[in-house]
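Enquirer: Got a structure for you, written out below as structure tokens; questions coming shortly.
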Amino acid sequence: MTTNSQLRIWRKVAAQRLDDLISKAEGDEVTDIDSVVDNLLRALGGQAPRSGDRPPYAGLFPDGAVVQQRRRAAGGIRVFIEHLQDEDFIPADDLIDQLLRSLSKLPPRPVGLPPYESLLSFSQATSPRQLQRWRELAAQALGQVIAQMPGDLCDADGAVDDLLRALGGQGMRPADRMPYQGLLPDGSVAELRQRAAKGVQVFIQHISADRFVSSDALIDGLLRSLRGLPPRPAGRRPYAGLFPESTINEITLEHLQHIAPNGRDAQLRKFVGPLNATMEEFEINTPLRQAHFLAQVAHESGEFNYVEEIASGAAYEGRSDLGNTQPGDGVRFKGRGLIQITGRFNYQDIGKAIGLDLISNPTRLADDDLAARSAGWFWNRESLNQVADKDDVRLVTRIINGGFNGLDDRVKKLAAAKRALGI
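The sequence shown: position 220 = 452 (the numbering used here), numbered continuously.
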């Protein structure tokens, strides 16, 4: 069954793709495709069908070259489709599906399937972990771009509003409403954009499908638009070209069980995805780098059982070298994450690097994703990939620990990690 929100997303994606495909159609002579484009444009505009003695586009646009007519038609079709408010399929959806398949050189829609089904589901093979990582990167990038948009409300805010409503399964914004009106609490333009940015991030992070869905194309399209990039080429997967493909050897639950035999399975299982994403982001992308990284975070976190310092943090109170200059900073910014990130300065630095306010919400650093990501951030800041490349466990330990506490256990875990990763 197709939901109303899914239909809205499909239509918006179809509008973007048709705009691109029609504009790029080859040839300077009128073809059968131009007839289909003309028919669709007239149907969407509520006009009578073109009479048989008229060439495509006649009476719709001023005379001009076929290429110019196609560009005009592409823009018109996009506008019409994006403003469709029908909550059920209409005849125009069949025409849109037919034209998309023709321009994409795909076979006709299988009998029994509704329009868009199997057409906008993006069946190209991508691993679930890669897709999850791309969505995480898209959420971060889109949130930052939206929050940093300058000036007064503009058309870009309307596009952000549209995405929020589509992802949230809400109806289209009424034509007489400004962007975000009725969707977000009132506030200044900057405040509205900050709220919209957070909302978009939350919605994207909660997409659970392990294959591409139409929402992915919509997210990709908005990110490209806000970055001033051309539309995604037809046939290219969402996010491909915006973010890098995975280049790491993925670790598994079994790898972690060998490295951290005393780790609780529930904890180890939670960290498989975040650790893979972190290692990709910070180029911990060789077996030797991975072995050193995993051995160190396994030791620091008590074999992944602890992501927050057991002590209260009061011992850090007044530590100006950590930036703890305000009352309560010691407890507030105590060690969190797989590598214990400690102190206001470090919380501020990592928050700035990843686009999150960890000063106002320091406990966020103990969540699974940031517990792993913060360890990668620290690893990258201290250039530990280069040290791991030299297989120098003593130097890696000294940089992380400030000394050699727990060195024997770190060496033992490194040996286990090397065996698990086939080094």
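Beta carbons are placed, not taken as given, at the ideal position from N, Cα and C, and that holds for glycine.
Predicted model, so just to flag it, every value in this text is computed and none were measured.
How close, in whole Å, do the beta carbons of K329 and R341 come, if the pair is a contact with beta carbons under 8 Å?
Expert: Counting from 1 along the sequence shown, the entry for residue 329 is found at position 97. Counting from 1 along the sequence shown, the entry for residue 341 is found at position 109. Lys is not the amino acid found at residue 329; the sequence shown has Asp there. At roughly 6 Å, the Cβ-Cβ gap stays under 8 Å, so D329 and R341 are in contact.
Enquirer: On the three-pair Cβ rule with 8 Å, is the region 252-264 touching the region 313-324?
Expert: With the cut-off at 8 Å, the region 252-264 and the region 313-324 do not touch.
Enquirer: Quick check on the burial criterion: 16 or more other C-beta atoms within 10 angstroms. Buried or exposed for F636?
Expert: Locating residue 636 in the sequence shown gives position 404, where the first residue counts as 1. When all chains shown are included, F636 counts as exposed.
Enquirer: Report the rounded CA-to-CA distance for I265 versus S334, giving the unit in angstroms.
Expert: Along the sequence shown, one-based indexing puts residue 265 at 33. Along the sequence shown, one-based indexing puts residue 334 at 102. Taking the straight line joining both Cα atoms gives about 8 Å.
Enquirer: I need the DSSP call for L415, collapsed to helix, strand or coil.
Expert: If you number the sequence shown from 1, residue 415 lands on position 183. Coil.
Enquirer: Could you have a look at F293 and say whether DSSP puts it in helix, strand or coil?
Expert: In the sequence shown, residue 293 corresponds to position 61, counting from 1. F293 falls in the strand class under three-state DSSP.
Enquirer: Which whole-angstrom value describes the C-beta separation of G569 and L554, a residue pair presumed to lie in contact below a C-beta threshold of 8 Å?
Expert: The residue you call residue 569 lines up with position 337 of the sequence shown. The residue you call residue 554 lines up with position 322 of the sequence shown. Actually they are not in contact, since the Cβ atoms of G569 and L554 sit about 15 Å apart, beyond 8 Å.
Enquirer: Could you work out which residue in P470, L455 and P346 is closest to D389 when comparing CA atoms only?
Expert: As a working mapping, residue 389 is identified with position 157 in the sequence shown. The option with the nearest alpha carbon to D389 is L455.
Enquirer: What number of angstroms, rounded off, separates the C-alpha of R438 from the C-alpha of Q364?
Expert: Within the sequence shown, residue 438 is the residue found at index 206, counting from 1. Within the sequence shown, residue 364 is the residue found at index 132, counting from 1. It should be pointed out that residue 438 corresponds to His in this sequence rather than to Arg. So the two alpha carbons sit approximately 10 Å from each other.
Enquirer: Alpha carbons only, please: which of P506, A509, S447 and D270 is nearest the one belonging to L239?
Expert: By one-based count along the sequence shown, residue 239 stands at place 7. L239 has its Cα closest to that of S447, out of P506, A509, S447 and D270.
Enquirer: Would DSSP call E540 helix, strand or coil?
Expert: To locate residue 540, count along the sequence shown from 1; it is residue 308. Three-state result, E540: strand.
Enquirer: When DSSP labels each residue in this structure, what does R405 get in the three-state scheme?
Expert: Translated into positions along the sequence shown, residue 405 becomes position 173. DSSP places R405 in coil when its eight states are reduced to three.
Enquirer: For V628 and L616, which I take to be in contact (beta-carbon distance under 8 Å), what is that distance rounded to the nearest angstrom?
Expert: Translated into positions along the sequence shown, residue 628 becomes position 396. Translated into positions along the sequence shown, residue 616 becomes position 384. V628 to L616, Cβ: 6 Å. Contact.
Enquirer: Report yes if the C-beta distance between A492 and K645 is below 9 Å; otherwise report no.
Expert: In the sequence shown, residue 492 corresponds to position 260, counting from 1. In the sequence shown, residue 645 corresponds to position 413, counting from 1. Yes. Within cutoff.
Enquirer: Using the beta-carbon count (16 or more within 10 Å), is A181 buried or exposed?
Expert: With the chain running from 233 to 655 in the structure shown, residue 181 is simply not present.
Enquirer: Determine the contact status of A530 and A652, defining contact as a CB-CB distance below 9 Å.
Expert: Looking up residue 530 in the sequence shown gives position 298. Looking up residue 652 in the sequence shown gives position 420. Cβ atoms of A530 and A652: not closer than 9 Å.
Enquirer: In the structure shown, what three-state DSSP assignment does F321 receive?
Expert: Counting from 1 along the sequence shown, the entry for residue 321 is found at position 89. Coil at F321, not helix or strand.
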